[in-house]
Each structure stands twice: as structure tokens, then as C-alpha cells.
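K.L.:
Quick note, the sequences are listed as chains S and E, same order.
With our numbering applied, the first sequence corresponds to residues 51 to 254, in that order.
With our numbering applied, the second sequence corresponds to residues 585 to 714, in that order.
Just passing along the structure, written as C-alpha cells.
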Amino acid sequence: MMIDRQARKLLFETVAQRVIASADELTDLDRAIGDGDHGANMRRGFEAVLAAVDELAAKDLGESLKGVGTTLVMKVGGASGPLYGTLFMSLGKSLHDEVSCDQAADAFATAIEAVKARGKSDVGQKTMLDVLFPVLAVLREGGAGLPVRLKETARAAAQKTIPMRAIRGRASFLGERSVGHMDPGARSSALIVDAVADVMEGLA
Amino acid sequence: MSENVGIVIVSHSADVARGTALMVEQMVGHEVPLGWCGGDPGGGLGTSVEAIMAAIDRAWSESGVAILVDLGGAETNSEMAIEMLPESRRGRVVVCNAPVVEGAVMAATEAASGATLEAVRRTAEELTPV
């Protein structure tokens with residue numbers, strides 16, 4: 051799949067608009083088990099991405115992804131800034147404009163490892179990783195109807211964080227009380243996967 | 585004589601960061617290069633990588649800089665800020681696993697005696713229960 055300038059712009063705009071549109075929902079989730087700033091932080095970060103989208107999309111895919119990552123690092127403010135920033139920056143290091151499914155999976159795997167290291171976290175700890183890892187597994191499979199399967203996987207994986215007990219991040223202070231709420235980072239990851247998959251579907 | 589290690593205070597709240605910095609100054613005066621920041625890029629509670637990088641710059645010492653942080657995001661953002669520093673500085677900045685107020689005061693006291701970065705960090709981290 052060729053991700054040209056127009057596709058890059060559409061991709062970044064779609065992701066940013068979806069996150070911004072769901073900012074209140076993210077804040078509500080975060081208020082239950084965190085400090086209630088995830089929505090506002092993500093909105094600020096992605097508004098900065100939107101404001102610079104033409105400039106970002108003008109660079110090749112690698113450089114533009116790095117640019118999105120740096121913007122998130124600088125503008126988000128919470129721990130999600132470095133986490134999502136690292137994800138995008140790492141993807142930018144491995145990807146070029148022409149992307150095969152295998153290349154995307156390899157780049158995504160490397161990026162998730164970078165997020166793991168940044169957050170000192172792992173699967174099963176009620177974090178964004180609980181969405182990213184199942185999504186990676188589906189991306190690895192590839193095949194027909196991939197965007198739909200990616201979206202379904204991400205949505206289901208975010209739901210699965212509800213009964214989990216948080217071990218990392220602010221929610222871990224709550225211990226057992228974190229059980230019963232969806233992790234806001236898992237939800238924002240699912241939103242982003244959903245947006246990327248929709249753009250993929252349109253481009254295919 | 586080499587420079588004293590610098591201390592950076594990173595809190596989610598600018599008031600906490602400033603208050604902690606005042607306490608440090610009361611203990612050690614201006615013998616230790618000091619930087620502090622608090623609040624997210626929008627002015628609310630949170631931390632900002634850009635502000636942390638600027639605070640490291642203000643507290644810069646050739647002997648290194650020890651960062652004291654309050655909650656999770658402050659630590660993650662500080663680690664990110666360190667990675668974004670020029671390579672020549674990156675290896676000389678550490679985040680201490682210690683309570684921010686007590687850690688900053690203890691670290692600064694140690695730094696004022698001319699201790700190494702590793703010794704400053706150890707002193708601050710003695711406050712953390714194992």
C-alpha cells in the first residue's frame with residue numbers, strides 16, 4: 051500500500067479528529083480510575099497535530115510519523131504524551147511510504163516494545179498494551195477484511211480491560227478499585243486503531 | 585574544583601515545584617544549580633517535556649543533574665525529556681526514585697557537599713522504602 055501525501059494527511063486528520071471527538075469520554079473513563087486528564091491531554095496533543103497537519107504530511111511517512119510523535123510528546127502533558135509519542139516516533143523510524151502488511155506488523159511490533167519500555171509495563175496490567183498486542187497479532191495474520199478485524203479486535207480488547215486490575219500508572223493506586231472500569235489508554239488506543247483501519251479501508 | 589550536581593524538581597503542580605525549590609534554596613542557598621517546573625503545556629496540572637528540558641538546562645552542571653519527580657507522568661515525561669537531550673548530556677541526567685520534597689532537599693544537601701551524581705541519587709533514594 052502506498053501512503054502518499056494525501057493519504058498521510060487523511061490518516062493524521064482522521065486519527066486526530068476521532069480522538070478529539072472522544073475527549074470527553076476519555077476524561078470520564080480517566081476520572082473513574084486516574085486523574086481525569088486523559089481526554090484533555092489527548093485533545094491538546096491532537097489539536098496540535100491538526101494545526102500542523104499540512105506541514106507534517108508534506109514529509110515522507112517516516113519523518114511525518116516522527117513529527118506526529120514529537121508533537122504529542124511536547125503537547126500532551128500526561129504520561130500518555132511520551133507513550134503515544136514513542137509509539138509514533140518508533141513507527142516513523144521503521145516505515146517508508148510504500149508499506150506492506152508484513153512491514154507494518156514488524157514496525158508495529160518494534161513500536162509496542164518501545165512503548166513497553168517507556169511505560170515499564172506489560173500485557174495484562176490494564177494499559178494501552180492490552181489493546182496494542184492483540185491488534186498486532188491480527189496485523190501479523192494479514193489477509194482479507196483486515197481493517198474490519200483490526201477494529202473488532204481493538205474494541206473487544208479495550209472491553210477486556212474492564213475486569214482487569216491496574217498495576218501500572220495512576221490507576222494502580224486504586225488496586226482492586228480499578229476493577230470494573232475500562233482503561234482510558236486502552237480506549238484511546240482502540241479509537242486510534244479504529245481510525246487507522248477506516249482510512250486503510252478507504253485506501254484499499 | 586568541579587561544579588556541584590544540579591537538581592531539577594518536576595511536579596504536576598507549579599506551586600508544589602516552586603515551593604519545593606524554595607525549601608531547597610533555604611537549605612543550600614545558591615550552591616546548587618536548581619531548576620523546577622510544574623503544570624502541563626496548557627497551564628493545568630500535569631507535566632511538560634518542553635518545560636522539563638528547559639529546567640534541566642537551567643540546572644545544568646558538568647557534574648550532572650538529578651531530577652526529582654512526584655507522580656507517574658512526571659517520571660515518564662522526565663525520562664522522555666532526557667532522551668531528547670543532546671547526546672553529550674543524556675548520560676549525565678538521572679531521575680531519582682524518591683519523594684519529591686524530601687528527595688529534593690536531601691539530594692541538594694548532598695550535592696552542595698560536592699558529591700557525585702551517583703551519590704546524590706543514592707542519598708535521595710535512601711528515603712524510598714525497599
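Glycine residues also receive a C-beta, built at the ideal position from the N, C-alpha and C atoms.
Remember, it's a predicted structure, so these values are computed and weren't measured experimentally.
Is the distance from the Cβ of S:Val188 to the Cβ of S:Thr203 below 8 Å?
P.N.:
Contact flag set, yes.
K.L.:
Give the range of the beta strand (DSSP E) segment to which E:Gly619 is assigned.
P.N.:
Residues 618-622.
K.L.:
Between E:Trp736 and E:Pro670, is the Cβ-Cβ spacing less than 8 Å?
P.N.:
The structure shown does not extend to residue 736 of chain E, since chain E is modelled only from 585 through 714, so no value can be given for it.
K.L.:
Secondary structure at E:Leu652, three-state DSSP: helix, strand or coil?
P.N.:
Strand, per DSSP.
K.L.:
Using a threshold of 8 Å, state whether the C-beta atoms of S:His231 and S:Ile212 are closer than that.
P.N.:
Cβ atoms of S:His231 and S:Ile212: closer than 8 Å.
K.L.:
Exposed or buried, S:Glu148, counting other C-beta atoms within 10 Å across all chains shown (16 or more means buried)?
P.N.:
S:Glu148 comes out exposed.
K.L.:
Rounded to whole angstroms, what's the CA-CA distance from E:Cys621 to E:Glu663? Just pull it up for me.
P.N.:
Each residue's alpha carbon lies about 15 Å from the other.
K.L.:
Of all the CB atoms in chain S, is at least one closer than 8 Å to the CB of E:Thr712?
P.N.:
No, no contact with chain S.
K.L.:
Per DSSP, which one or two residues make a beta bridge with E:Val592?
P.N.:
In DSSP, E:Val592 forms a bridge with E:Gly619, E:Ile651.
K.L.:
Suppose you measure from the CA of S:Phe138 to the CA of E:Gln610; what does that come to, to the nearest Å?
P.N.:
Rounded to the nearest angstrom, the two C-alpha atoms are 43 Å apart.
K.L.:
Bridge partners of E:Cys680, per DSSP?
P.N.:
Paired residue(s): E:Leu652.
K.L.:
Assuming E:Asp680 contacts E:Ala635 (C-beta within less than 8 Å), just tell me the rounded distance between them.
P.N.:
According to the sequence shown, residue 680 of chain E is Cys rather than Asp. Not confirmed; about 18 Å, so no contact.
K.L.:
State the DSSP-derived secondary structure class of S:Met4, mapped to helix, strand or coil.
P.N.:
The structure shown has nothing for residue 4 of chain S, since chain S only spans 51 to 254.
K.L.:
Which residues of chain S have a Cβ atom closer than 8 Å to the Cβ of E:Glu634, listed in chain order?
P.N.:
Here the neighbours are Met124.
K.L.:
Quick one: Cα of S:Phe183 to Cα of E:Thr707, how far?
P.N.:
The straight-line gap from Cα to Cα measures roughly 39 Å.
K.L.:
Can you check DSSP and say which residues form a bridge with S:Glu148?
P.N.:
Paired residue(s): S:Met52.
K.L.:
For S:Val79, count the other beta carbons within 10 Å of its own beta carbon; 16 or more makes it buried, fewer makes it exposed. Which is it?
P.N.:
Note that residue 79 of chain S corresponds to Leu in the displayed sequence, not to Val. Looking at its Cβ environment, which holds 16 or more other Cβ atoms inside 10 Å, S:Leu79 is buried.
K.L.:
Any idea if E:Asp624 is buried or exposed, counting beta-carbon neighbours within 10 angstroms, 16 or more meaning buried?
P.N.:
Looking at its Cβ environment, which holds 16 or more other Cβ atoms inside 10 Å, E:Asp624 is buried.
K.L.:
Taking the alpha helix (DSSP H) that E:Arg602 belongs to, which residues open and close that run?
P.N.:
It spans 598-612 - the alpha helix (DSSP H) in which E:Arg602 sits, taken as one unbroken run.
K.L.:
By the criterion of Cβ-Cβ separation under 9 Å, what are the contact partners of E:Asp599 in chain S?
P.N.:
Under the 9 Å cutoff, chain S gives no residues; its nearest Cβ is about 16 Å from E:Asp599.
K.L.:
By Cβ distance, which residues of its chain are closer than 7 Å to S:Ala159, with the 5 residues on each side in sequence left out?
P.N.:
Counting only Cβ-Cβ distances below 7 Å, and skipping sequence neighbours, we find Leu186.
K.L.:
Could one say the Cβ of E:Asn681 lies closer than 8 Å to chain S's Cβ atoms, at least one of them?
P.N.:
So, not an interface residue.
K.L.:
In whole angstroms, what is the alpha-carbon distance linking S:Gly195 and S:Phe96?
P.N.:
Cα to Cα, S:Gly195 sits roughly 28 Å from S:Phe96.
K.L.:
For S:Arg58, count neighbouring Cβ atoms within 10 angstroms of its own Cβ and tell me buried if that reaches 16, exposed if not.
P.N.:
Answer is buried; the Cβ neighbour count reaches 16.
K.L.:
Would you check if the distance between the CB atom of S:Gly142 and the CB atom of S:Gly119 is smaller than 8 Å?
P.N.:
Yes. Within cutoff.
K.L.:
Check E:Met690 in the structure and name its three-state DSSP category.
P.N.:
Three-state DSSP puts E:Met690 in a helix.
K.L.:
Just verifying my parser: in three-state terms, what is the DSSP assignment at E:Pro670?
P.N.:
Three-state DSSP puts E:Pro670 in coil, outside helix and strand.
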